[in-house]
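Asks: Below you'll find the structure I mean.
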Amino acid sequence: MSDYVQMWKDLGMDLETHDALCQVLPTAFGDVYLSQENRPEAMGFWDFVVSEIHGIRPSELIEAQKNGRKVFGTFCVYVPDEVVIAADGIVTGLCGGSQFWVPGGEKVLPKSTCPLIKASVGARLDRTCPFFRIADMYVGETTCDGKKKAWEILGEDVPMYIMDIPQMKREKDIEKWAQEIAAFAAVVEEQTGNKITVEKLNDAIRIINEKRKAMARVFAATKGKNLPISGKDRLLMTQIAFFDDPARCAQMCNKLADELDERNAKGVRVFPAGTKRILLSGTPLAIPNWKLHHIIETSGAAVVCEEMCTGTRYFENLVEEDKTTLEDQYMALSRRYMKNNCACFTPNTGRIDDILRLAKEYEVDGVIDVNLKFCCLYDTEGYTVEKALKDAGIPVLGIETDYTDTDAEQLRTRIEAFVEMLG
Ligand code: BJ8
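Residue numbers (my numbering): 4 to 426.
In structure tokens:
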């Protein structure tokens with residue numbers, strides 16, 4: 004990635020510290036990804052993106068900025084990409100998934116903050132991630148307490164807009180979220196200098212719906228007994244989807260899905276028959292957090308689906324197309340986004356329904372419910388998740404982890420025991 008040094012300098016990055024990050028990533032990727040056998044050929048696209056992760060997409064974004072376009076950095080799957088795209092803006096995900104950034108976050112945040120928040124703040128303040136440097140505006144939300152307070156700190160360093168998410172899902176909450184979306188649209192118009200019209204918003208809705216459909220096709224390929232792709236590879240596709248151009252993302256996901264359908268037809272598999280099938284539920288796994296998938300898939304099991312924001316919550320449910328007024332479009336967006344079931348809502352029975360449905364659809368042998376350390380919301384909801392699964396006769400293992408490797412061996416022991424118990 005050395006060709007990008009000047010670009011990183013221009014972005015005001017700390018090159019020395021960034022070099023240290025660039026050195027560890029290829030080894031980690033090689034150990035976790037390239038060591039797998041018989042991967043789908045289409046994964047070559049995502050391997051290439053990772054090999055140039057701080058170069059190729061950032062340079063595209065900078066080029067777009069030179070042409071007058073604005074980049075909005077987001078942290079949550081409730082923030083509607085469609086609104087930004089309708090104003091010819093660009094969205095990039097900004098959630099940090101590496102322990103590398105955590106100490107930087109701990110300089111300003113309590114240690115007892117979840118690693119996703121600490122890594123995200125550290126990536127910005129330590130100046131070691133180009134995406135965090137490029138974004139013209141950050142868009143936060145009032146989902147959890149840790150994030151709400153982190154926005155205040157980040158807001159001292161970068162323009163920050165915050166969407167106030169409802170805590171419940173009554174009709175008046177859905178209407179309130181539609182109003183928040185309309186208010187966000189006004190900010191996006193001001194930032195980009197472009198007016199959002201019904202036509203442009205319908206086009207944007209279609210673009211993102213196509214991306215969702217393509218990702219759903221890839222996930223659907225692991226519903227049958229034959230497993231043509233590993234959970235790790237599918238996770239990588241999902242993680243990159245937060246950063247990529249949505250139309251290209253849909254195109255590449257469809258290409259992968261075509262290959263997976265072909266593999267299924269021919270019985271080409273990446274795990275031996277009878278491998279235990281695991282549904283992961285819980286907190287998101289931002290790139291490059293591959294730890295759990297790697298442990299599970301080297302312990303005799305396969306991750307066949309993720310009930311996570313880096314999983315089904317990202318692509319399930321489409322936005323109704325072809326509404327004829329902006330007001331109706333904002334309401335249609337709100338209805339779709341409010342179908343997401345994050346633990347920040349109360350009650351959140353929809354998430355339990357999702358987990359039970361997905362366990363059935365993907366014919367799983369067991370569920371591993373994952374909590375990022377210090378995420379009080381998902382930790383507390385773990386009680387309800389485990390109870391519902393036990394009542395349904397589905398084996399479940401609850402685990403809590405962070406971005407370090409210190410618990411890797413302990414996790415492996417517990418996961419191996421769980422998988423053995425499934426057999
Ligand atoms: S919709 S899961 S992306 S809020 S893990 S930062 S909740 S303390 S990431 Fe999330 Fe939106 Fe919900 Fe999804 Fe807080 Fe928990 Fe950390 Fe979290």
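Beta carbons: idealized from backbone N, C-alpha and C, even for Gly.
Only a predicted model underlies this, so the values are computations on that prediction, with no experimental measurement involved.
Rounded to whole angstroms, what's the CA-CA distance from LEU282 to LEU263? Just pull it up for me.
Replies: Roughly 19 Å separates the two Cα atoms.
Asks: If ILE402 sits next to LEU414, beta carbons under 8 Å apart, how far is it from one beta carbon to the other, in whole angstroms?
Replies: The Cβ separation is near 6 Å, so the contact holds.
Asks: Any idea which residues DSSP pairs ALA395 with across the strands?
Replies: None, per the DSSP bridge assignment.
Asks: Indicate, with yes or no, if the ligand BJ8 has a heavy atom lying under 7 Å from the CB of LYS150.
Replies: True, at least one ligand heavy atom lies under 7 Å from that Cβ.
Asks: Could you tell me the alpha carbon to alpha carbon distance between GLN182 and MET311, rounded to whole angstroms?
Replies: So the alpha carbons of these two residues sit roughly 26 Å apart.
Asks: Name the residue from MET163, TYR81 and LYS326 whose alpha carbon lies nearest to the alpha carbon of PHE135.
Replies: Among MET163, TYR81 and LYS326, the Cα nearest to that of PHE135 belongs to MET163.
Asks: How far does the beta strand (DSSP E) with GLY285 in it reach, from first residue to last?
Replies: Where GLY285 is concerned, the enclosing beta strand (DSSP E) stretches over 279-285.
Asks: Let me confirm a value: ASN41 is counted as buried when at least 16 other C-beta atoms fall within 10 Å, else exposed. Which label applies?
Replies: When all chains shown are included, ASN41 counts as exposed.
Asks: Could you name the residues of the same chain whose beta carbon sits closer than 7 Å to that of VAL271, not counting the 5 residues immediately before and after it, in chain order?
Replies: Result list for VAL271: PRO231, in chain order.
Asks: State the Cα-Cα distance for the pair ILE298 and ALA411, rounded to the nearest angstrom.
Replies: Cα-Cα distance, rounded: 8 Å.
Asks: For ASN374, write down the residues that DSSP places opposite it in a beta bridge.
Replies: In DSSP, ASN374 forms a bridge with GLU403.
Asks: Could you tell me which of LEU259, GLY15, VAL87 and SER38 sits nearest to PHE222, measuring between CA atoms?
Replies: Among LEU259, GLY15, VAL87 and SER38, the Cα nearest to that of PHE222 belongs to LEU259.
Asks: Mind checking which residues open and close the beta strand (DSSP E) that includes CYS308?
Replies: From DSSP, the beta strand (DSSP E) with CYS308 extends over 304-310.
Asks: Got a sec, what are the start and stop residues for the beta strand (DSSP E) VAL142 sits in?
Replies: 140-144 is the span of the beta strand (DSSP E), which, as asked, contains VAL142.
Asks: Return yes when at least one heavy atom of the ligand BJ8 lies under 7 Å from the C-beta of ASN343, else no.
Replies: For the ligand BJ8, at least one heavy atom lies less than 7 Å from the Cβ of ASN343.
Asks: Look at the Cβ atom of PHE274, then the Cβ atom of ALA305, and state whether they are nearer than 8 Å.
Replies: Yes.
Asks: Using the Cβ count rule (16 or more neighbours within 10 Å means buried), how would you classify GLN26?
Replies: With fewer than 16 Cβ atoms within 10 Å of its Cβ, GLN26 is classed as exposed.
Asks: In its own chain, which residues sit with a C-beta less than 6 Å from the C-beta of LYS363, not counting the 5 before and 5 after it?
Replies: None.
Asks: Give every residue of the same chain whose Cβ lies closer than 8 Å to the Cβ of PHE78, excluding the five residues on either side of it in the sequence, and list them in chain order.
Replies: If we look at PHE78 and ignore the five residues flanking it on each side, its Cβ neighbours are GLY96, LEU97, CYS98, SER123, TYR141, VAL142, GLY143, GLU144 and LYS150.
Asks: For the beta strand (DSSP E) that contains TYR7, what are its first and last residues?
Replies: From DSSP, TYR7 is part of no beta strand (DSSP E); its letter is neither H nor E.
Asks: Rank LYS121, ILE371 and THR387 by C-alpha distance to the C-alpha of ALA346 and give the top, closest one.
Replies: With distances taken between Cα atoms, ALA346 lies closest to THR387.
Asks: When DSSP labels each residue in this structure, what does VAL94 get in the three-state scheme?
Replies: The answer is strand: DSSP assigns VAL94 an E or B state.
Asks: Within 8 Å, do at least three Cβ pairs link the segment 166-176 to the segment 48-60?
Replies: Too few Cβ pairs lie closer than 8 Å, so no.
Asks: Check VAL1 in the structure and name its three-state DSSP category.
Replies: There is no way to answer for residue 1, as the model of the chain reaches only from 4 to 426.
Asks: What is the residue span of the beta strand (DSSP E) that THR349 lies within?
Replies: First-last for THR349: undefined, no H or E at that position.
Asks: Three-state secondary structure (DSSP) at MET341?
Replies: DSSP places MET341 in coil when its eight states are reduced to three.
Asks: Rounded to the nearest angstrom, what separates ASP325 and TYR340 at their Cα positions?
Replies: Roughly 17 Å separates the two Cα atoms.
Asks: Taking TYR406 and GLN102 to be in contact with their CB atoms under 8 Å, please state how far apart those CB atoms are, rounded to whole angstroms.
Replies: Correct: roughly 4 Å between the Cβ atoms.
Asks: Please return the same chain residues whose Cβ sits closer than 7 Å to the Cβ of VAL35, not counting the five positions on each side in sequence.
Replies: LYS235, TRP293 and HIS297.
Asks: Quick check: the segment 201-215 against the segment 151-160, are there 3 or more CB pairs under 8 Å?
Replies: With a cut-off of 8 Å, the segment 151-160 and the segment 201-215 do not count as touching, because too few Cβ pairs lie within range.
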